[in-house]
Amino acid sequence: MKSDQSMGHPEGFRKRDGSTKQRHQQNRPKSEIPSGQSAQSHQPDLPAILKSLEENSIRFVKNELKNINRILSSEGSDHPVFFGSQTEDKDVDKPERIAREGALDITVYILRNINQKDLADKLQKSTPAMKSQRKLKSHLKNKFECVLEGIAKQGNSRLLSKIYTELYITEGRSGGVNNENEMTQIEAASRRPATHETPIKCNDIFQPLPGQDKSIRTVLTTGVAGIGKTVSVQKFILDWAEGKANQELQFIFPLSFREMNLMKE
């Protein structure tokens, strides 16, 4: 059976539908895309920001120049001032410390450009890296300035600089690690035909030879046991620690194979 009432929607349903549409329209979020005028109002005031940046940069540089003046003025005194050694620097956070180190590097760069090399060198010595280098040099000097002769006994040490004999180092061949025993190496060396070899002093092992353009970054020494390779390395480190040679190297960290072989993985 059909009823005329089923032909259309109930009156109450039509009313609810209309109210639902109206409610959806009311709850619809407004457009978040700003108009042209509001977008312009949100743009930063770049000239004002740059002006503030300039003022703060000048203030920062002036404060750092005061610290630099104190460092340079203390040079040669009984209590020299190092960069970052002030008591107030203990509370300085990392970004500010990095900025201050950058200001010091820029100052050193400018001093060299205006031909003030001595002041630039003095200032560079006060940097954290150079301060650490001085501590490392002092430690290495105390460690390698004396060597033991004969059987290791207390008090049987001698100054390395007094007993060191320049080792005959040559450049002329390359090869891997020789696993033969010592006597076999000595016999093989005595039978090896003479070849063209270039003698090199201990402190020049990282210096390029005449005609070489590339710098030397890796050196592997080979030779029979007891010939003096270890002592030569100690002399190389000692001369660097005492400021006699290879001062272009910032840091030297000696790693003894004898000690590393004792380490377990």
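35 is the number that full-length UniProt numbering gives to position 35 of the sequence shown; each next residue is one higher, with no gaps.
Glycine is no exception: its CB is placed at the ideal position from the N, C-alpha and C atoms.
key: Nearest-angstrom Cα separation, counted from residue 112 out to residue 257   = 41 Å
query = DSSP three-state call for residue 100: helix, strand or coil?
reply = helix
request  = Go to residue 252, then tell me how far its alpha helix (DSSP H) extends in each direction, as first and last residue.
outcome  = Careful: residue 252 lies outside any alpha helix (DSSP H) and carries neither H nor E.
key: Host alpha helix (DSSP H) of residue 227 (start-end)   = Careful: residue 227 lies outside any alpha helix (DSSP H) and carries neither H nor E.
message = Quick check: the Cα distance between residue 260 and residue 54, rounded to an integer number of angstroms?
response = 54 Å
inquiry  = Using CA atoms only, rank isn't needed, just tell me which of 139, 47, 117 is closest to residue 253.
reply    = 139
message = Can you find the residues in the same chain that come closer than 6 Å, C-beta to C-beta, to residue 123, ignoring five residues on each side of it along the sequence?
response = 108
Range of the contiguous alpha helix (DSSP H) that encloses residue 61 = 46-73
key: Proximity below 9 Å, CB of residue 160 to CB of residue 61   = no
task = Can you give me the Cβ contacts of residue 209 inside the same chain, cut-off strictly under 7 Å, excluding the 5 residues immediately before and after it?
result = 171, 198
message = Quick check: what's the CA-CA separation for residue 224 versus residue 116?
response = 50 Å
request  = On a CA-only basis, which of 249, 147, 162 is nearest residue 215? Give me that one, please.
outcome  = 249
message = If distances are taken between C-alpha atoms only, which option among 57, 202, 128, 129 comes closest to residue 164?
response = 202
request  = Spell out the partners DSSP gives residue 148 in its beta bridges.
outcome  = 157
task = Just tell me which of 245, 228, 143 has its CA closest to the CA of residue 157.
result = 143
9 Å Cβ cutoff met for residue 205 and residue 169 = yes
Helix, strand or coil at residue 259 [DSSP, three-state] = helix
ask   = Three-state secondary structure (DSSP) at residue 245?
value = coil
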